[in-house]
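>
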Amino acid sequence: MTQLITKERSRAGYAPDAEPVLRMQPGTGELITFETDDAAYAQMEELRDLSKLTATINPVTGPVYVQGAEPGDALAVTIHDIEMVDQGWSVYIPGAGALADVMGEDWYVRRVPVRDGVVELAEGISCPAAPMIGCIGVAPASGEMSTVMPSYPTGGNMDLTDARPGSTVYLPVEVPGALLAIGDLHAVMSRGESSFVAIEIAGRATVSVDLVPGLGLRAPRVDTGDELVCVGLGDPVQDSIINAYADLFAIMTEEYGFSQQDAYTIMSALAHTELGGPTGSVAPDPLHPFRAKGQVTLARIAKSVLDARGPHRG
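Going by the numbering used here, 651 is the number at position 305 of the sequence shown; the sequence numbering is gapless.
1. Starting from Asp608, trace the beta strand (DSSP E) both ways and give me its first and last residue.
2. Please name the residue in Ser436, Thr570, Thr643, Ala487 whose C-alpha comes closest to that of Leu588.
3. When the Cα of Gly418 is compared with those of Val367, Pro566, Arg369, Gly480, which residue comes out closest?
4. Determine the DSSP secondary structure at Glu466, reduced to helix, strand or coil.
5. Measuring alpha carbon to alpha carbon, tell me which residue in Thr407, Ala592, Gly414, Asp530 is nearest Val521.
6. Does DSSP put Phe542 in a helix, a strand or coil?
7. Under the three-state reduction of DSSP, which class applies to Glu429: helix, strand or coil?
8. Which class does Gln389 belong to by DSSP, given the choice of helix, strand or coil?
9. May I ask which residues mark the beginning and end of the alpha helix (DSSP H) holding Gln584?
10. Whole angstroms are fine: how far does the CA of Asp447 sit from the CA of Met430?
11. Apart from the five residues on each side of it in sequence, which residues of its chain come closer than 7 angstroms, Cβ to Cβ, to Tyr498?
12. Is His532 buried or exposed, if buried means 16 or more other CB atoms sit within 10 Å of its CB?
13. With 16 other CB atoms within 10 Å as the buried threshold, where does Ser356 fall?
14. When the Cα atoms are used, what is the spatial distance from Ala551 to Phe380?
15. Determine the DSSP secondary structure at Val558, reduced to helix, strand or coil.
16. Does DSSP classify Glu416 as helix, strand or coil?
17. In this structure, does DSSP put Met495 in helix, strand or coil?
18. Helix, strand or coil: how does DSSP classify Arg564 here?
19. Can you tell me whether Asp305 is helix, strand or coil according to DSSP?
20. Starting from Leu506 and walking both ways along the alpha helix (DSSP H), at which residues does that stretch end?
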């Protein structure tokens with residue numbers, strides 16, 4: 347059985363007091379489909395003025411209350427499928443992204459056809475679709491998380507290409523029931539999302555949810571099947587790098603049973619880092635709302651390396 351939550355049940359952020367639209371029992375294999383929309387991009391094409399938008403940027407559908415989830419646990423959200431409509435959007439919002447200086451002050455909006463698994467970027471230039479979830483997270487213990495910037499310890503707008511079908515995203519639980527919500531689908535996105543906006547698209551993401559009691563994550567992690575990826579958050583960037591490496595080291599020593607010495611040597615040879623999405627790790631300056639502060643760093647290692655030591659001990 348699959349439960350469908352339509353885009354009408356979406357909201358602008360993550361909050362501990364958000365009213366659940368669905369309650370579910372984890373670990374049953376039950377599938378939940380989150381429908382998302384792209385109304386904000388259609389309005390950007392028409393209005394070209396953020397102050398005139400009535401649609402929410404990056405609305406997240408939900409939240410879903412997960413029975414038995416308590417602070418200190420982790421949700422394991424496995425992404426089974428992402429269905430997309432036949433058109434996405436490429437948008438330049440003046441002042442946003444790494445290319446703001448060269449793009450200047452004029453809006454740019456392009457409708458991008460997506461047909462038969464192919465994204466038609468420009469005349470004569472296309473690429474395979476690689477659908478992914480930009481916003482996936484659970485509620486914070488207090489306050490409200492933006493769905494635009496930054497990324498948070500409990501997820502949110504992380505913009506990770508690893509959040510794709512076949513992957514499992516682990517999210518730290520901070521409130522009873524976790525309050526899972528999903529939105530911001532992309533037809534394809536460059537790693538790091540240079541322009542702050544990928545090929546944005548409406549669609550439906552289907553997931554299942556399990557619960558890992560007492561896992562005690564300080565930030566999300568992703569198991570792609572081939573790699574284990576730790577999300578490091580920090581300001582300045584060096585702190586995000588240290589946090590990502592430290593979490594991966596802890597997984598190897600505490601969950602897979604490697605000695606500290608073995609983990610150190612293996613990581614020096616086989617653990618890789620890269621900058622994550624463009625959203626930063628702390629709230630931006632209100633005067634420059636699309637300029638990131640802090641950094642998201644990803645530390646990754648092949649699952650074959652971890653599994654070589656035997657069964658997972660976590």
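Note that CB positions come from ideal geometry on N, CA and C, so glycine has one too.
The short version:
1. For the purposes of this step, residue 608 is taken as the residue at position 262 of the sequence shown. Note, Asp608: premise wrong, no beta strand (DSSP E); alpha helix (DSSP H) at 606 to 616.
2. For the purposes of this step, residue 588 is taken as the residue at position 242 of the sequence shown. According to the sequence displayed, residue 588 carries Ile and not Leu. For Ile588, the nearest C-alpha among the options comes from Thr643.
3. On the sequence shown, position 72 is the one that residue 418 refers to. For Gly418, the nearest C-alpha among the options comes from Pro566.
4. Position 120 of the sequence shown, counted from the first residue, corresponds to residue 466. Correct three-state label for Glu466: strand.
5. Here the question's residue 521 lines up with position 175 in the sequence shown. It is Gly414 whose Cα lies nearest to the Cα of Val521.
6. Taking the sequence shown and counting its residues from 1, one reaches residue 542 at position 196. DSSP places Phe542 in the coil class of the three-state scheme, outside both helix and strand.
7. Numbered from 1 along the sequence shown, position 83 holds the residue referred to as residue 429. Three-state result, Glu429: strand.
8. Looking up residue 389 in the sequence shown gives position 43. Note: Gln389 maps to helix in three-state DSSP.
9. Residue numbering aside, residue 584 sits at position 238 when the sequence shown is read from its first letter. Taken as a continuous stretch (DSSP letters only), the alpha helix (DSSP H) holding Gln584 covers 583 to 596.
10. As a first step, residue 430 must be located in the sequence shown, where it is residue number 84. As a first step, residue 447 must be located in the sequence shown, where it is residue number 101. Rounded to whole angstroms, Met430 to Asp447 spans 32 angstroms at the Cα level.
11. One-based indexing of the sequence shown puts residue 498 at position 152. The answer, listed in chain order, is Gly483, Pro486, Met491.
12. Here the question's residue 532 lines up with position 186 in the sequence shown. Burial call: buried.
13. Your numbering for residue 356 matches position 10 in the sequence shown. Counting Cβ neighbours within 10 Å, Ser356 comes out buried, since at least 16 surround it.
14. Walking along the sequence shown from the start, residue 551 turns up at place 205. Walking along the sequence shown from the start, residue 380 turns up at place 34. A direct Cα-to-Cα measurement between Ala551 and Phe380 gives close to 5 angstroms.
15. Start at 1 with the first residue of the sequence shown, and residue 558 comes out as number 212. Assigned with DSSP and collapsed to three states, Val558 falls in strand.
16. By 1-based counting over the sequence shown, the position of residue 416 is 70. Note: Glu416 maps to coil in three-state DSSP.
17. Counted from its first residue, the sequence shown places residue 495 at position 149. Note: Met495 maps to coil in three-state DSSP.
18. Along the sequence shown, one-based indexing puts residue 564 at 218. Correct three-state label for Arg564: coil.
19. Outside the shown range of the chain, which is 347 to 660, sits residue 305, and nothing can be said about it.
20. Your numbering for residue 506 matches position 160 in the sequence shown. Premise fails: Leu506 is in no alpha helix (DSSP H) and is neither H nor E.
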